[in-house]
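See below for the structure under consideration.
Number of protein chains: 2
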Amino acid sequence: MTVPVRYELLHRCKDTAARRGRVHTPHGVIETPVFMPVGTQATVKTMAPWELSELGAKIILSNTYHLHLRPGEDIVKRGGGLHGFMNWSGAVLTDSGGFQVFSLSELRKITDEGVAFRSHIDGSPRFFSPESVMGIENALGADIIMQLDECPPYPASREYLRTSLDRTLAWAKRCKQAHARPDEQALFGIVQGGEHLDLRREAAEALVDLDLPGYAIGGLSVGEPKPLMYEVLAYTTPFLPADKPRYLMGVGSPDDLFEGVERGVDMFDCVLPTRIARNGTIFTSKGKLVLKNARYREDFSPIDEDCDCRVCKTFTRAYIRHLLKAEEVLGIRLTSYHNIHFLLDLMEKMRKSIEENRFLAFKREFYNSYGYTGQREDVLG
Amino acid sequence: MTVPVRYELLHRCKDTAARRGRVHTPHGVIETPVFMPVGTQATVKTMAPWELSELGAKIILSNTYHLHLRPGEDIVKRGGGLHGFMNWSGAVLTDSGGFQVFSLSELRKITDEGVAFRSHIDGSPRFFSPESVMGIENALGADIIMQLDECPPYPASREYLRTSLDRTLAWAKRCKQAHARPDEQALFGIVQGGEHLDLRREAAEALVDLDLPGYAIGGLSVGEPKPLMYEVLAYTTPFLPADKPRYLMGVGSPDDLFEGVERGVDMFDCVLPTRIARNGTIFTSKGKLVLKNARYREDFSPIDEDCDCRVCKTFTRAYIRHLLKAEEVLGIRLTSYHNIHFLLDLMEKMRKSIEENRFLAFKREFYNSYGYTGQREDVLG
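Chains A and B supply the protein sequences, listed in that same order. Letter 303 of the first sequence, counting from 1, is numbered 302 in numbering that gives the first Met the number 0, and no numbers are missing. Letter 36 of the second sequence, counting from 1, is numbered 35 in numbering that gives the first Met the number 0, and no numbers are missing.
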């Protein structure tokens, strides 16, 4: 059997667990650590696929839950799978829909068999099982597909986390069995277990026993204090095999990216850069900036002096502020483009710093310039 | 004094008044007849300026009323005028704001001095006079600027049209006197007069006496029957000098473009292509198409088989329909791009047909293919 996704370790940073590698996929090679822009509904919000290419994105994420409800996986499959449907020649990862379904707290019911829920679009009753989700993800045709898992909220009782973890591990096995295209799509398992280190270890070991082509760490950045998240991460990654990619789900603030990379994570995704962009907030080398503020009304400098992206080379803060205030689509196009560029560029710099064994020094420089003090408000939108 | 805008006649079509020419401006040469995309708030909705260039747009229109209210002409001026502010290297035309202000029927009061109105954004009281509008348009810095005029609705009494026309003609004189940058920006007069041919003639002759660098025909496509519009147009254009550009304001459906060109018009503008695009309606060589319709759910053909624009070469109807249904910005980006391409391409074909003395034949071919039957519903969104 061909292995569709393979991890290649290039260099391990001195003094940290940060590692420089490559993930080989059927749709190209991904230099890691990598940030994956999120294209929930088969489009990274506001962006054309050629703009993602221009920014150097090699992999994007899309959402099984949303695509199942609209347009439906049958349409996507007939359109050539996600790659053909949205005309994206790079790699794609689909989540399992679990996170979205469990967020519908009023609308769903979980059993060991799966999860019953109602569509947020038309209220119609639906059911996700490991088997049905594999069917959907096989039809969507992403290079990397995620198992159905349960992502518990924070805080949750140990008892609940215990039961939930057993379910997630049982679902991993069922997903592996149901996966119909294992030589074309790589199934990743998801390590859950909340803040309990023993549960995390148990989850990692059980999933490793399944010999999957990659592993994700889920259930973090769901409300817990950052130091706790970093502790769980540092504890968990060593239980994951060094020859497989490691993916930290739903994480994408600059500080979390640094802290994740430092603890050995290879892949990240988050809606943060595009979501805050639509509110007019942009990342800059000197911290975040809320462009709608009146102080930028007559500011004819680029949005980030240190950035060489097309937006920063072309437009002024005053113009983009005007577009945002006037609710013109071009405004959120430009802020989205810049924010994705910012994170992709940041990852490229991290990769270089790992190669040069100066990752920690680079992190300190960045935090100093960014004005990061460890407060949650510093980095979230 | 340098003349900022000059018309060059290249060829007059046999059998019709259609003419092939060039308008020379401080920001490039415009091949005419031309359709000008509308960038109301210093952005053609959803489009980046490089996309307009890619589509071959050489001139766009922007709105004095909107830019005066937000961000204010002072900001635009400090940003380098409209060209610098929005980073558009082609030519720009600004309307006078008259049309928008008179559309605020509940909020404005007209006197010979000017028009008092309230901002639609914050309700603040404002006043437009010929002098203040020239001040604003001089600050915005477009290549072509329009006089303040009154655009009466249809139907209107002859008495009202008479009074209104006198005011518009008096305002034209005052605009010419107040215009502070006549060697950098070309002031165009606007012929009003409703459906009354004698008033149209009087207006045209009075404006020609002012020796302005160009003339517009206003007050058409405001609800009157199409045959009446074409009759007024056919009657009026011969009273406008052959060595100056002629601009038919607010007109941009394919049939109106053909009928206008046939009667000797050189320039057109309309929000139609971008407005219907945002509703998911696109122009095709075989007529308009409402992409949200269920029939396109599994239609994996391009939105227009006969179109060679980037959207038609890249995406399917099914994908764009999905984006529109999911309210994704990329959807209206793609339909806007295609619709602007469609009209710019149509004008290019008209120009070629004039050069080859087969304009009327081309019009017939297009109407046959488009399925145009002369009903208003055929062409409006």
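Think of the CB as a built atom: it goes at the ideal place given N, C-alpha and C, for glycine as much as any other residue.
Run through DSSP, which three-state label would residue i get?
{"i": "residue 75 of chain A", "result": "helix"}
{"i": "residue 268 of chain B", "result": "strand"}
{"i": "residue 195 of chain B", "result": "coil"}
{"i": "residue 276 of chain A", "result": "helix"}
{"i": "residue 123 of chain B", "result": "coil"}
{"i": "residue 282 of chain A", "result": "coil"}
{"i": "residue 339 of chain B", "result": "helix"}
{"i": "residue 215 of chain A", "result": "strand"}
{"i": "residue 325 of chain B", "result": "coil"}
{"i": "residue 377 of chain B", "result": "For residue 377 of chain B, the predicted structure reports a pLDDT of 47, less than 50, and the residue's modelled location is therefore unreliable. A value from the coordinates is still provided. In this structure, residue 377 of chain B counts as helix in the three-state DSSP scheme."}
{"i": "residue 297 of chain A", "result": "coil"}
{"i": "residue 25 of chain A", "result": "coil"}
{"i": "residue 291 of chain A", "result": "coil"}
{"i": "residue 81 of chain A", "result": "helix"}
{"i": "residue 57 of chain A", "result": "coil"}
{"i": "residue 185 of chain B", "result": "strand"}
{"i": "residue 365 of chain B", "result": "helix"}
{"i": "residue 136 of chain A", "result": "helix"}
{"i": "residue 207 of chain A", "result": "helix"}
{"i": "residue 19 of chain B", "result": "strand"}
Could you tell me which chain A residues have their CB closer than 7 Å to the CB of residue i, listed as they occur along the chain?
{"i": "residue 84 of chain B", "result": "318"}
{"i": "residue 270 of chain B", "result": "Within chain A, no residue comes near residue 270 of chain B; the closest Cβ sits about 14 Å away, beyond 7 Å."}
Would residue i pass as a contact of residue j if the rule is Cβ separation under 7 Å?
{"i": "residue 238 of chain A", "j": "residue 200 of chain A", "result": "yes"}
{"i": "residue 316 of chain A", "j": "residue 45 of chain A", "result": "no"}
{"i": "residue 86 of chain B", "j": "residue 25 of chain B", "result": "no"}
{"i": "residue 137 of chain A", "j": "residue 180 of chain A", "result": "yes"}
{"i": "residue 33 of chain A", "j": "residue 266 of chain A", "result": "yes"}
{"i": "residue 142 of chain B", "j": "residue 90 of chain B", "result": "yes"}
{"i": "residue 140 of chain B", "j": "residue 81 of chain B", "result": "yes"}
{"i": "residue 279 of chain B", "j": "residue 322 of chain B", "result": "no"}
{"i": "residue 310 of chain A", "j": "residue 17 of chain A", "result": "no"}
{"i": "residue 286 of chain A", "j": "residue 271 of chain A", "result": "no"}
{"i": "residue 254 of chain B", "j": "residue 371 of chain B", "result": "yes"}
{"i": "residue 178 of chain B", "j": "residue 133 of chain B", "result": "yes"}
{"i": "residue 361 of chain A", "j": "residue 282 of chain A", "result": "no"}
{"i": "residue 328 of chain B", "j": "residue 75 of chain A", "result": "no"}
{"i": "residue 403 of chain A", "j": "residue 98 of chain A", "result": "No information on residue 403 of chain A is available, as it lies outside the stretch 0 to 380 that chain A covers here."}
{"i": "residue 193 of chain A", "j": "residue 232 of chain A", "result": "no"}
{"i": "residue 167 of chain B", "j": "residue 148 of chain B", "result": "yes"}
{"i": "residue 22 of chain B", "j": "residue 31 of chain B", "result": "yes"}
Listing by chain order, which chain B residues have their CB less than 7 Å from the CB of residue i?
{"i": "residue 322 of chain A", "result": "42"}
{"i": "residue 276 of chain A", "result": "Going along chain B, no residue has its Cβ under 7 Å from residue 276 of chain A, so there is no contact; the nearest lies around 11 Å."}
{"i": "residue 325 of chain A", "result": "40 and 69"}
{"i": "residue 125 of chain A", "result": "What residue 125 of chain A touches in chain B: nothing, since even the nearest Cβ is about 17 Å away."}
Would you give the residue range spanned by the alpha helix (DSSP H) that residue i belongs to?
{"i": "residue 67 of chain B", "result": "63 to 68"}
{"i": "residue 313 of chain B", "result": "309 to 313"}
{"i": "residue 228 of chain A", "result": "225 to 235"}
{"i": "residue 355 of chain B", "result": "Looking at the DSSP string, residue 355 of chain B is not in any alpha helix (DSSP H), and its letter there is neither H nor E."}
{"i": "residue 101 of chain A", "result": "97 to 102"}
{"i": "residue 93 of chain A", "result": "Element bounds for residue 93 of chain A: not the alpha helix (DSSP H) but the beta strand (DSSP E), 90 to 93."}
{"i": "residue 44 of chain A", "result": "No alpha helix (DSSP H) holds residue 44 of chain A; DSSP gives it neither H nor E."}
{"i": "residue 117 of chain B", "result": "Element bounds for residue 117 of chain B: not the alpha helix (DSSP H) but the beta strand (DSSP E), 114 to 117."}
{"i": "residue 248 of chain B", "result": "Counting along the chain, residue 248 of chain B falls outside any alpha helix (DSSP H), and DSSP gives it neither H nor E."}
With respect to the beta strand (DSSP E) encompassing residue i, which residues constitute its N-terminal and C-terminal limits?
{"i": "residue 386 of chain A", "result": "This structure cannot settle anything about residue 386 of chain A, because the visible part of chain A is limited to 0 through 380."}
{"i": "residue 381 of chain B", "result": "Residue 381 of chain B is absent from the structure shown; chain B starts at 0 and stops at 380."}
{"i": "residue 107 of chain A", "result": "107 to 109"}
{"i": "residue 33 of chain B", "result": "33 to 36"}
In chain A, which residues lie with their C-beta within 8 Å of the C-beta of residue i?
{"i": "residue 46 of chain B", "result": "329"}
{"i": "residue 74 of chain B", "result": "296, 297, 317 and 321"}
Below 8 Å on C-beta distance, what does residue i contact in chain C?
{"i": "residue 78 of chain B", "result": "Considering every chain present, this structure includes no chain C. Its protein chains are A and B."}
How would you list, in chain order, the residues of chain B whose beta-carbon sits under 8 Å from the beta-carbon of residue i?
{"i": "residue 36 of chain A", "result": "Correct list: empty, because the minimum Cβ distance to chain B is about 13 Å."}
{"i": "residue 107 of chain A", "result": "Correct list: empty, because the minimum Cβ distance to chain B is about 21 Å."}
(request) Please determine if the segment 339 to 353 of chain A and the segment 148 to 155 of chain B are in contact, where contact requires at least 3 C-beta pairs separated by less than 8 Å. (result) no
(message) Under 8 Å: do the segment 110 to 118 of chain B and the segment 202 to 214 of chain B share three or more Cβ pairs, one atom per stretch?
(response) no
(message) Could you check whether the segment 60 to 75 of chain A touches the segment 287 to 301 of chain A, counting it as contact only if at least three pairs of C-beta atoms, one from each stretch, sit closer than 8 Å?
(response) no
(message) When you compare the segment 174 to 190 of chain A with the segment 1 to 9 of chain A, are there three or more beta-carbon pairs, one atom per stretch, that lie closer than 8 Å?
(response) Verdict: yes, contact present.
(message) Using 8 Å as the cut-off, can you tell me whether the segment 21 to 39 of chain B makes contact with the segment 49 to 69 of chain B, which would need three or more C-beta pairs spanning the two stretches below that distance?
(response) Yes: the two stretches touch, three or more of their Cβ pairs being nearer than 8 Å.
(message) Does the segment 223 to 243 of chain B come into contact with the segment 328 to 344 of chain B, if we say contact requires no fewer than three beta-carbon pairs (one atom in each stretch) closer than 8 Å?
(response) no
(message) Quick check: the segment 112 to 121 of chain B against the segment 267 to 285 of chain B, are at least 3 beta-carbon pairs closer than 8 Å?
(response) no
(message) Taking 8 Å as the cut-off, does the segment 82 to 98 of chain B touch the segment 58 to 67 of chain B (at least 3 CB pairs, one atom from each stretch)?
(response) In this structure the segment 58 to 67 of chain B lies against the segment 82 to 98 of chain B, because at least three pairs of beta carbons, one per stretch, are closer than 8 Å.
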